[in-house]
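There are 2 protein chains.
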Amino acid sequence: MRQALLDAALEIVRRDGAAALTLRAVARAARVSHMAPYHHFADKAALVAAVAREGFRGLGREMEERIERCPDDPRARFRESGIAYVSFAVKHPNLFRVMFGPEAADAEAHPDLGAESREVFDVMQRLLQQSQAGYQVREDDARQIGLTAWSLVHGLAMLCIDGQFGPEATSPEGAERLAYAATGALFRGLRR
Amino acid sequence: MRQALLDAALEIVRRDGAAALTLRAVARAARVSHMAPYHHFADKAALVAAVAREGFRGLGREMEERIERCPDDPRARFRESGIAYVSFAVKHPNLFRVMFGPEAADAEAHPDLGAESREVFDVMQRLLQQSQAGYQVREDDARQIGLTAWSLVHGLAMLCIDGQFGPEATSPEGAERLAYAATGALFRGLRR
DNA sequence: CCCTCATCTTTACGCTGTCAAGATTGGAGG
DNA sequence: CCTCCAATCTTGACAGCGTAAAGATGAGGG
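Going down the list, the sequences are from chains A and B. Residues 56 to 247 in this note's numbering are what the first sequence lists, from first letter to last. Residues 56 to 247 in this note's numbering are what the second sequence lists, from first letter to last.
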């Protein structure tokens, strides 16, 4: 039942956007009364957090899947993880907006959600350290470089799905091309 | 009257956050009936767009103000514009969220808002081209580099105010330190 | 003087999240 | 087998939201 509600919520977000994610709409889609969700989620924020959690798991999966394609080059793996980040956002813009939207924002209220997002960041951080171990990235403060890389792909993802770069950036191909170029510029700066 | 409503809206956003920005709350704060705002704004989205527009103007102002401090070094001016971007977000997090929030997102519905945000981007773009003219930045596709720089500072701003970098990144000093380091890494890559 | 138009108010509707109270149900203990 | 209980679901209600419709008010020009 909880899973059915979550599936309905994900479908609503995918089809109609974050604004349509409503407790009552989820209940309708699951063919239960408008109060039934309260027996599985404390309130609306908890439902939204659960949806966001699914999003972070999917993002992590797509990143892992993509970096498996180049097992030998640590630097390429690091770069591909960033491109996967942008690609995921453009392929699932509504879900991505929920993941970083105002209702799931305060990580205090939903600590497990914060853990899930930190795990995604840790994937990038681990790849970065392997790149450093492979003498391909400067040995400056690793955390600082990780935050910079995360900021770059996160901002690129956000501005792409907000249409700030024009319509060509909303296609997966266009977004990946931008991500490829952007990460390339950063890499030239990170190279030792 | 329109200005009074706008001021009330800005105050509500600043004090209570984007979620509290409500047509009725604005009307209450301005001591008019809950329908009065409709004579000055087509609907709630129009009010939100007007608030966002004020935000972009303030952002542009802070950027211009900050780059005036270093009139001689084009590259430093470019960098300072990015730091001002992050600084503005951390100093006005609620307003920043409205500027890129879902209600002001579709630039189609409010073309003047899109113009205002494009103007901010153009400031950075112009500084970039001056840096190129001063032989301090590679001559790759200027638009591409501009988008990369915008993405970096935008992502940094977003993740700072979302608390994803921890509490130390929510202070103006901490955020500026991060922005300084991040733009530095990118600059090493952009240098010819 | 009266008409007109812009501005503001009142009332009403459907939607939302959530509280409170009842109904159903399935399994554990006597 | 009966009873009780806890979990689950439903019904009904309330306040707050955005907004549509219609009435009030008041100033300016014929």
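Cβ atoms here follow ideal geometry from the backbone N, Cα and C, with glycine treated the same way. The structure displayed is predicted, hence computed values, not measured ones.
ask   = Alpha carbon to alpha carbon, what distance is there between residue 56 of chain A and residue 143 of chain B?
value = 45 Å
request  = Confirm, please, whether the CB-CB distance from residue 140 of chain A to residue 118 of chain A is below 9 Å.
outcome  = yes
ask   = Among B/184, B/65, B/58 and B/98, which residue has its Cα nearest to the Cα of residue 128 of chain B?
value = B/184
ask   = How long is the line joining the alpha carbons of residue 223 of chain B and residue 198 of chain A, rounded to whole angstroms?
value = 14 Å
Where residue 129 of chain A falls: helix, strand or coil (DSSP) = helix
Any C-beta of chain B under 9 Å from that of residue 209 of chain A = yes
task = Assign residue 240 of chain B to one of two classes, buried (16 or more other C-beta atoms within 10 Å of its C-beta) or exposed (fewer than that).
result = buried
ask   = Using a beta-carbon distance below 9 Å, is residue 219 of chain B in contact with chain A?
value = yes
task = Could you pull out every residue in the same chain whose Cβ sits closer than 8 Å to the Cβ of residue 283 of chain A, ignoring the five residues on either side in sequence?
result = Past the boundaries of the shown model lies residue 283 of chain A; chain A is included only from 56 to 247, so the question cannot be answered.
inquiry  = So if I threshold CB-CB distances at 7 Å, which residues from the segment 220 to 245 of chain A count as touching chain B?
reply    = 220, 233, 236, 237, 240, 241, 242, 243, 244 and 245
key: Span separating the alpha-carbon of residue 58 of chain B from that of residue 72 of chain B   = 20 Å
request  = State buried or exposed for residue 120 of chain A, treating a residue as buried only when at least 16 other CB atoms are found within 10 Å of its CB.
outcome  = exposed
Opening and closing residue of the alpha helix (DSSP H) in which residue 235 of chain A lies = 227 to 245
query = Which chain A residues are close to residue 151 of chain B, counting only those with a beta carbon under 7 Å from its beta carbon?
reply = Going along chain A, no residue has its Cβ under 7 Å from residue 151 of chain B, so there is no contact; the nearest lies around 12 Å.
request  = Assuming residue 237 of chain B contacts residue 203 of chain A (C-beta within less than 8 Å), just tell me the rounded distance between them.
outcome  = 4 Å
request  = With a floor of 4 residues, list each alpha helix (DSSP H) that falls wholly inside the segment 107 to 161 of chain A, ordered by position along the chain.
outcome  = 129 to 146 and 148 to 154
Short Cβ contact (9 Å threshold) for residue 104 of chain A with residue 147 of chain A = no
Unbroken alpha helix (DSSP H) run spanning residue 68 of chain B, endpoints = 57 to 71
query = With burial defined as no fewer than 16 other Cβ atoms inside 10 Å of the residue's Cβ, what is the status of residue 170 of chain B: buried or exposed?
reply = exposed
ask   = Leaving out five residues before and five after residue 191 of chain B in sequence, what residues of the same chain have Cβ atoms less than 6 Å from its Cβ?
value = 130
query = Leaving out the 5 sequence neighbours to the left and right, which residues in its chain are closer than 7 Å to residue 77 of chain B when beta-carbon positions are compared?
reply = none
ask   = Does any C-beta atom of chain B lie closer than 9 Å to the C-beta of residue 176 of chain A?
value = yes
key: residue 32 of chain B versus residue 210 of chain B - alpha carbon distance   = Residue 32 of chain B lies beyond the stretch modelled for chain B, which goes from 56 to 247, so this question has no answer here.
ask   = Rounded to a whole number of angstroms, what is the C-alpha to C-alpha distance between residue 244 of chain A and residue 180 of chain B?
value = 20 Å
request  = Can you grab the Cα-Cα spacing for the pair residue 167 of chain A / residue 228 of chain B, in whole Å?
outcome  = 29 Å
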